[in-house]
Amino acid sequence: MDVMPKWADALLIPLISIAIAFVISAGVIVAIGEDPMAALNTMVTGALGSSYGWGYTLYYTTNFIFTGLAVSVAFHARMFNIGGEGQAMLGGVGVALVCLFIPFPHWSVALPVALIGGALFGAAWAAIPAYLQAKRGSHIVITTIMFNFIAGSLLVYLLVEVLKPPGAMDPATAKFAASTHLPTFQDMFSFGEKPAFRGAPANVTFFFALVSCFAVWLLIWRTRLGYAIRAYGHSEPAALYAGISPTRIIMIAMLISGGLSGMMAINTVMGEAERLVLNSVEGAGFIGIAVALMGRSHPLGVLLAALLFGFLYQGGAELSLWTNVPRELIVVIQALVILFTGALDNMVRMPLEKLFLLFRRKQPEPATTSPKPAE
Amino acid sequence: MTVMQRLLGASAVLALSAGTAAAEPALIFDLGGKFDKSFNEAAFAGAQRWAAETGDSFREIELTSEAQREQALRRFAEAGANPVIMTGFAFGSVLGEVAPDYPDTKFAIIDMVVDQPNVRSVVFNEHEGSFLVGMMAGLKTETNTVGFIGGMDIPLIRKFACGYAQGVLAANPDANVVANMTGTTPAAWNDPVKGGELTKAQISQGADIVYAAAGGTGVGVLQVAADEGIFSIGVDSNQNYLHPGSVLTSMLKRVDVAVYDALTQGTDLETGFNVMGLANYGVGVALDENNEAIVSYDMLAQVYAAADKIVSGEMMVHDYMSDDSCPALEF
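Read top to bottom, the protein sequences are chains A and B.
Last residue of the first sequence: number 390 in this note's numbering, and the count goes up by one each step with no gaps.
Last residue of the second sequence: number 337 in this note's numbering, and the count goes up by one each step with no gaps.
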């Protein structure tokens with residue numbers, strides 16, 4: 016089973032996958048007649064070279080942490096929740112309703128209430144597929160992906176028919192009251208004359224995302240419930256034998272998952288746009304799947320993978336700002352990273368495992384027999 | 007070593023290009039993308055004409071994400087791009103917030119009014135141009151039924167439809183106008199398949215001319231109209247060439263002129279409210295070798311007479327956006 020040491024599984028495979036993806040991307044950039052080194056340079060300096068760049072990178076990262084954690088929690092219960100997109104959309108509705116219709120005196124009061132609003136709406140949207148899976152055996156992949164479309168249509172209806180201010184052209188809600196605006200990094204970290212993180216949308220939600228990472232780690236590895244979720248994920252018959260109710264685990268895991276997706280809306284709806292727009296999620300729900308796969312469903316891995324995708328998003332934006340690389344190609348680069356880290360995982364893993372096996376056989380005999388004498 | 011050298015070289019090249027880029031103007035395309043054969047492409051054409059004539063270059067970006075709206079504006083402004091031009095009403099609220107932060111940069115926004123001292127707001131009298139193509143449709147129709155297919159259902163597109171319906175009825179009081187919108191989301195700007203389906207539905211209701219004011223969706227409308235042997239009317243750019251003999255005319259909305267003018271004025275861009283209507287050739291009717299065979303002299307004479315009356319103020323075309331209602335068409 017364990018042919019590779021843990022570090023190789025957790026670090027080496029993702030790194031090799033990323034390297035392959037970048038090499039192929041470089042080939043594509045050369046093929047359209049641009050300089051790949053200059054392109055990489057633009058991406059790195061644009062995303063990580065200034066506080067402004069970090070402000071955007073961390074903004075995207077925050078989104079991906081939430082959706083990545085959402086997918087991870089469901090993964091531990093062997094549930095493949097691809098409804099993050101729809102759950103985040105509904106979370107946006109929850110956040111928007113709270114911000115529009117409750118007069119808050121200060122953002123510090125608005126934030127926890129909006130968090131609950133977003134999480135409740137997101138969890139409610141995940142509850143229906145979860146119930147259908149637990150009680151009726153409807154496959155969670157099918158139901159959650161269909162719920163994404165239903166969420167999209169529901170959002171269009173709400174924005175166009177109910178929440179749009181009269182006379183406005185955009186299908187979007189009115190701007191939230193100033194008292195609900197979250198402090199951005201610019202507000203928090205600008206000292207003296209020169210503002211840091213100028214204009215960047217990263218906000219206080221990022222720290223909440225970090226707290227969520229820790230909370231998920233606590234939940235999965237340090238609580239009785241987390242143990243039950245993992246036990247169920249590893250073997251349903253064993254969990255049943257141990258007295259763990261599958262219905263209960265499926266429901267709880269999916270509710271937490273949906274709630275985490277819904278909380279993403281705090282960052283985009285309340286933190287960035289300060290109103291609910293139609294495409295506030297922008298595929299972050301799907302990126303969350305890649306993030307969770309790459310992060311091996313561990314909160315720390317999710318954090319690092321989210322940072323990588325945040326870098327790709329912001330670096331991609333800089334690339335299209337300053338070079339003639341068309342925007343479609345940036346999607347290609349992102350897709351290659353997803354392809355190699357997520358879908359083609361085994362392509363790297365299998366040769367690497369063989370390599371490690373080969374390496375191990377060459378070791379002198381005592382290395383494998385030494386534990387024996389203890390008996 | 008060599009990698010390091012290449013890295014340094016690359017960054018030097020980048021620094022150089024950033025240096026020369028300082029005075030370049032910038033053009034930002036909305037999420038629809040620049041090659042929509044219609045609105046955005048007209049803006050791109052205007053910029054290219056300017057680039058070809060002056061030999062200067064411009065920066066451009068096609069947005070991929072909502073968060074990039076503000077980002078693109080700020081980045082171009084901070085890099086010294088001047089003026090910064092953007093296409094589409096969706097930039098309105100963002101520009102209103104960004105413009106005061108860069109008082110030395112001039113911004114131009116098309117299809118929206120932003121009240122800031124350094125912003126030029128360009129809006130078009132689409133109802134006037136639509137009135138003229140509506141007249142042509144009213145004169146040309148044999149079934150006394152004409153169609154209108156809009157993109158996203160927003161007041162701006164209703165303004166097109168309302169002007170069109172008024173024109174149809176002015177030329178042919180017995181005519182019936184069938185109007186449909188493709189959708190209620192930005193996806194409606196780029197859905198040629200649904201545009202084609204709506205066209206077929208309107209044909210089954212008797213329409214023999216359809217006017218598409220739907221961005222990229224219009225490509226499907228014009229295609230089906232040509233396939234089914236009826237007439238169509240294009241929008242924004244001159245689309246007569248797409249299906250010669252089937253596209254009756256195109257309602258020109260000279261986004262290209264607006265962009266070209268803004269680029270030509272450069273850093274001295276005149277700010278404020280700028281209306282482009284019939285009077286200053288901001289909207290009009292497209293005539294070229296592709297449609298001269300299907301447009302009669304009599305038709306043209308009536309259209310020109312109406313255009314003169316509109317310009318002189320003798321005739322008023324109702325603007326849907328002035329009071330959110332239309333006397334000639336029910337939505």
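Note that CB positions come from ideal geometry on N, CA and C, so glycine has one too.
Taking 8 Å as the threshold (beta carbon to beta carbon), is residue i in contact with chain B?
{"i": "residue 100/A", "result": "no"}
{"i": "residue 287/A", "result": "yes"}
{"i": "residue 214/A", "result": "yes"}
{"i": "residue 294/A", "result": "yes"}
{"i": "residue 89/A", "result": "no"}
For residue i, return the contacting residues in chain B, with the cut-off set at a CB-CB distance below 7 Å.
{"i": "residue 332/A", "result": "74, 77"}
{"i": "residue 208/A", "result": "The contacting residues do not exist; residue 208/A stays about 15 Å from chain B at best."}
Using a C-beta to C-beta distance shorter than 8 Å, which residues of chain A count as neighbours of residue i?
{"i": "residue 162/B", "result": "184"}
Could you confirm whether any beta carbon from chain A is found closer than 8 Å to the beta carbon of residue i?
{"i": "residue 255/B", "result": "no"}
{"i": "residue 55/B", "result": "no"}
{"i": "residue 119/B", "result": "no"}
{"i": "residue 126/B", "result": "no"}
{"i": "residue 20/B", "result": "The predicted model places residue 20/B with a pLDDT of 44, which falls under 50 and marks its position as unreliable; any figure quoted below should be read in that light. Answer yes: the Cβ-Cβ gap between residue 20/B and chain A drops below 8 Å somewhere."}
List the endpoints of the continuous alpha helix (DSSP H) containing residue i.
{"i": "residue 184/A", "result": "Taken as a continuous stretch (DSSP letters only), residue 184/A belongs to no alpha helix (DSSP H), as it is neither H nor E."}
{"i": "residue 186/B", "result": "Segment 182-189 is the beta strand (DSSP E) holding residue 186/B; no alpha helix (DSSP H) there."}
{"i": "residue 303/A", "result": "299-309"}
{"i": "residue 206/B", "result": "198-210"}
{"i": "residue 163/A", "result": "155-172"}
{"i": "residue 99/A", "result": "99-116"}
{"i": "residue 75/B", "result": "74-84"}
{"i": "residue 91/B", "result": "No alpha helix (DSSP H) holds residue 91/B; the beta strand (DSSP E) holding it covers 90-93."}
{"i": "residue 274/A", "result": "261-280"}
{"i": "residue 155/B", "result": "Careful: residue 155/B lies outside any alpha helix (DSSP H), inside the beta strand (DSSP E) at 151-158."}
{"i": "residue 58/A", "result": "51-63"}
So which residues on chain A does residue i lean against when the C-beta distance must stay under 7 Å?
{"i": "residue 67/B", "result": "335, 336"}
{"i": "residue 330/B", "result": "182"}
{"i": "residue 71/B", "result": "297"}
So which residues on chain B does residue i lean against when the C-beta distance must stay under 9 Å?
{"i": "residue 306/A", "result": "Residues of chain B passing the Cβ test: none, with the nearest at roughly 17 Å."}
{"i": "residue 175/A", "result": "159, 190, 191"}
Hey, does residue i have any beta-carbon neighbour from chain E nearer than 8 Å?
{"i": "residue 80/B", "result": "Of the chains in the structure shown, none is chain E; the protein chains are A and B."}
How would you write the range of the beta strand (DSSP E) that residue i sits in, first residue to last?
{"i": "residue 329/B", "result": "Not the beta strand (DSSP E): residue 329/B falls in the alpha helix (DSSP H), residues 326-329."}
{"i": "residue 240/B", "result": "237-242"}
{"i": "residue 116/B", "result": "113-116"}
{"i": "residue 217/B", "result": "215-219"}
{"i": "residue 280/B", "result": "278-282"}
Fill in: Under 9 Å (Cβ pairs) to chain A, residues found in the segment 87-103 of chain B
Cβ contacts with chain A: 95, 96, 98, 99.
Discussion item. Please list, in chain order, the residues of the segment 292-325 of chain B that have any C-beta partner in chain A closer than 7 Å.
Written reply: Within the segment 292-325 of chain B, no residue has a Cβ that lies closer than 7 Å to any Cβ of chain A.
Fill in: Given 8 Å, three or more beta-carbon pairs between the segment 39-50 of chain A and the segment 279-297 of chain A
No, the segment 39-50 of chain A does not touch the segment 279-297 of chain A.
Fill in: Interface residues of the segment 185-209 of chain B facing chain A [CB-CB below 8 Å]
Here the close residues are 190, 191, 192.
Discussion item. Beta carbons nearer than 9 Å to chain B: which residues of the segment 67-82 of chain A have them?
Written reply: Residues passing the 9 Å Cβ filter: 67, 71, 74, 75.
Discussion item. Does the contact criterion of 3 or more C-beta pairs under 8 Å hold for the segment 159-173 of chain A versus the segment 71-91 of chain B?
Written reply: No, the segment 159-173 of chain A does not touch the segment 71-91 of chain B.
Practice prompt. Give the residues from the segment 149-179 of chain A that approach chain B closer than 7 Å (Cβ to any Cβ), ordered along the chain.
Written response: Residues passing the 7 Å Cβ filter: 171, 175.
Worksheet entry | Sufficient close CB pairs (3 or more, under 8 Å) joining the segment 190-210 of chain B to the segment 141-149 of chain B | The segment 141-149 of chain B and the segment 190-210 of chain B do not touch, with fewer than three beta-carbon pairs separated by less than 8 Å.
Item to complete: Evaluate the contact criterion for the segment 90-98 of chain B versus the segment 113-128 of chain B: three or more CB pairs, one atom per stretch, below 8 Å.
Response: Touching, per the Cβ criterion.
Fill in: Three or more C-beta pairs below 8 Å linking the segment 88-102 of chain A and the segment 232-248 of chain A
Counting Cβ pairs under 8 Å, three or more are found: they touch.
Item to complete: Decide yes or no for the touch test of the segment 239-250 of chain B against the segment 217-230 of chain B: beta carbon pairs closer than 8 Å, at least 3 of them.
Response: The segment 217-230 of chain B and the segment 239-250 of chain B touch, with three or more beta-carbon pairs separated by less than 8 Å.
Worksheet item: Does the segment 348-365 of chain A come within contact of the segment 305-318 of chain A, defined as at least 3 CB pairs closer than 8 Å?
Response: Yes, they touch.
Practice prompt. For the segment 294-306 of chain B and the segment 148-155 of chain B, state whether three or more C-beta atom pairs, one from each stretch, are separated by less than 8 Å.
Written response: The segment 294-306 of chain B vs the segment 148-155 of chain B: no contact.
Discussion item. Using 8 Å as the cut-off, can you tell me whether the segment 281-296 of chain A makes contact with the segment 185-195 of chain A, which would need three or more C-beta pairs spanning the two stretches below that distance?
Written reply: At 8 Å Cβ cutoff, the stretches touch.
Worksheet item: Hey, is the segment 312-326 of chain A in contact with the segment 72-82 of chain A, meaning 3+ C-beta pairs nearer than 8 Å?
Response: Touching, yes, given that three or more Cβ pairs across the two stretches are closer than 8 Å.
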